[in-house]
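Taking it in order: structure first as structure tokens, then the write-up.
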Amino acid sequence: MPVNLKRRSLLSLKDYSREEILYLLDLSEDLKRKKRAGLKGNLLDGKNIVLLFEKASTRTRCAFEVAAYDEGAKVTFLTNSQMGKKESVEDTARVLGRYYDGIEFRGFKQETVEMLAKYSGVPVWNGLTDQYHPTQILADFLTVRESVNKPLNKVKFVFIGDARNNMGRSLMIGAAKLGMQFVGIAPAELLPDKELVDEMQKVAKESGASIEFTDDIALGVKEADVLYTDVWVSMGEEEQFAQRIKLLEKYRVDMSMLKQTGNNDVVFMHCLPAFHDTETSIGKEIQEKFGLQEMEVSDEVFRSRHSVVFDEAENRMHTIKAVMVATIGNV
53 MPVNLKRRSL LSLKDYSREE ILYLLDLSED LKRKKRAGLK GNLLDGKNIV LLFEKASTRT
113 RCAFEVAAYD EGAKVTFLTN SQMGKKESVE DTARVLGRYY DGIEFRGFKQ ETVEMLAKYS
173 GVPVWNGLTD QYHPTQILAD FLTVRESVNK PLNKVKFVFI GDARNNMGRS LMIGAAKLGM
233 QFVGIAPAEL LPDKELVDEM QKVAKESGAS IEFTDDIALG VKEADVLYTD VWVSMGEEEQ
293 FAQRIKLLEK YRVDMSMLKQ TGNNDVVFMH CLPAFHDTET SIGKEIQEKF GLQEMEVSDE
353 VFRSRHSVVF DEAENRMHTI KAVMVATIGN V
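Under the working numbering, think of the first position of the sequence shown as 53, with each following residue one higher.
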């Protein structure tokens, strides 16, 4: 059956089938080839999109804007709206839906992006909430396709660190949908909620995926194709650095961990930004307070041949473009 995503929102990959996710990855590859060939697109000609941001961003904002411009859309970047202050989310959604063909939201509550989708009448795309980060997962899986010489349903994908954050949760969902072997390596305090894990275990039974969690690093990384990590403290949790460092310092991805995979071609991934050195204000602060020069990943791994983090970052643009073209494009 042909895939048709016209006027669909992307709030979480839970709402998308295996076939729909693969369609978006295929479309991303096509659009990436077109951009690299220098071909100007027109698949979003005449479209207007608005980007609503509560959280700071580099990749998400730039990826949406460049992707839109590449295909002829116009963009409004909105950080100073009255949403949630003098105007409700529902009323804001109804207004923006009269102006725009699509809405991107990057912020805290999943409830906010869901209300925007419910009341705006146009496709809404989740650029990150505390619960889910679906556009990042599409970029990640496109990168795995390009970097691992296996079909996705044969890949062992290992996430190390805070497995209950939006990345740990979203990677598990995507892996379950696509039949991958997913392993989360984390302390018991930082595992995703049982309800979501049980839900994805049911999905995995249908797709042929496997989902497991462990705190045994050597066991978890054995024969991994991909090692993935994320920051130990998410935006809005900055007061928890001391606690997270205590819980997660032994889970830092370093060359010793890569060697434990037994895979000389294991791929390292990170959604960025990464604390791999002290060249940031927060990195310097952490060094002064806790004596650490690197956190979730060593600088050696981050800069090594195993690292595909900048390919991954580029692929945010191509996959976001595919989402917009598929849902509001002139196709």
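We treat Cβ as the ideally placed atom computed from N, Cα and C, and that holds for glycine.
- Message: For Gly213 and Asp268, what's the separation of their Cα atoms in angstroms?
- Response: 12 Å
- Assign Pro186 to one of two classes, buried (16 or more other C-beta atoms within 10 Å of its C-beta) or exposed (fewer than that). buried
- Message: Give the list of continuous beta strand (DSSP E) stretches no shorter than 3 residues that lie fully inside the stretch 102 to 174.
- Response: 126 to 130 and 154 to 158
- Outcome for Gln295 when other beta-carbon atoms lying within 10 angstroms are tallied against a minimum of 16: exposed
- Message: Measuring alpha carbon to alpha carbon, tell me which residue in Thr110, Lys107, Gly154 and Val278 is nearest Pro203.
- Response: Val278
- Query: Considering only the beta carbon of each residue, do Leu79 and Ala378 sit closer than 9 Å?
  - Reply: yes
- Taking Cβ positions only, does Gly314 come closer than 9 Å to chain C? In the displayed structure, chain C is absent; only one protein chain is listed.
- Message: Less than 9 Å between the C-beta atoms of Phe209 and Ala227, yes or no?
- Response: yes
- Look at the alpha carbon of Asn382 and the alpha carbon of Val102, and state the distance between them as a whole number of angstroms. 18 Å
- If you drop the 5 nearest sequence neighbours on each side, which residues of the same chain put their C-beta closer than 6 Å to that of Ala180? Note on residue identity: the sequence assigns Leu, not Ala, to residue 180. Excluding positions up to five away in sequence, the list reads Arg158.
- If you compare alpha carbons, which of Asp192, Val141 and Phe193 is closest to Tyr171? Val141
- Query: Hey, is the stretch 273 to 287 in contact with the stretch 319 to 338, meaning 3+ C-beta pairs nearer than 8 Å?
  - Reply: yes
- Tell me, to the nearest whole angstrom, how far the beta carbon of Leu223 is from that of Asn205; I am working on the premise that it is less than 8 Å. Not a contact, Cβ separation roughly 15 Å.
- Just tell me which of Ser61, Leu83, Arg60 and Arg70 has its CA closest to the CA of Arg368. Leu83
- Residue burial classification, Glu106 (beta-carbon count within 10 angstroms, cutoff 16): buried
- Provide the residue(s) that pair with Gln339 in DSSP beta bridges, ordered along the chain. DSSP, once it has assigned bridges, lists no residue as partnering Gln339.
- Message: Helix, strand or coil for Leu190? Go by DSSP, reduced to three states.
- Response: helix
- Task: From the DSSP output, in three-state form, read off His322 for me.
- Result: strand
- The beta strand (DSSP E) enclosing Tyr280, as first and last residue numbers: Val278 to Thr281
- Within its chain, find whatever has a CB closer than 8 Å to the CB of Phe342; leave out the 5 residues flanking it on each side and keep chain order. Phe293, Ala294 and Ile297
- Alpha-carbon spacing of Glu352 relative to Val319, whole angstroms: 14 Å
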